[in-house]
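In our numbering, the protein residues as written are 6 to 106.
The following block contains the structure:
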């Protein structure tokens, strides 16, 4: 998986996990690795910092909690993931229709 796509998925996973429990690098890294992401501590810390700068997470000590803006973002993502699932995963039978923008 391309690094940019992986980072996007990691960010989504982090928001989802933060919605359930506070995050710590030492706890979330093994979970991400179990999910098949190739990620080191540095990358995990960087994504947590990015989510903090965007006001989706807030740090306290070595933990990160989701913010109201993070919850709103996660809800929007969940909605779009439903559409993406239908378009990509469920793969309707191929037709000769073109996708227009």
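For every residue, glycine included, the Cβ atom is placed at its ideal position computed from N, Cα and C.
The beta carbon of residue 15 sits closer than 7 Å to those of 37, 42, 44 and 52, all from its chain and outside the five residues before and after it, given in chain order.
Per DSSP, the continuous beta strand (DSSP E) segment holding residue 63 begins and ends at 62-65. According to DSSP, residue 69 shares a beta bridge with 28 and 64. One thing to note: residue 34 has its Cβ within 8 Å of the Cβ of residue 49.
When secondary structure is reduced to three states using DSSP, residue 6 falls in the coil class, being assigned neither helix nor strand. The residues 20, 21 and 24, in chain order, have a CB closer than 7 Å to that of residue 79 in the same chain once the five nearest residues on each side in sequence are set aside. Of the residues assessed, residue 86 falls on the exposed side of the cut-off, its CB having fewer than 16 other CB atoms within 10 angstroms. For the set 57, 30 and 11, the Cα lying nearest the Cα of residue 47 is the one of 30. In this structure, the CA atom of residue 91 is about 16 Å from the CA atom of residue 81.
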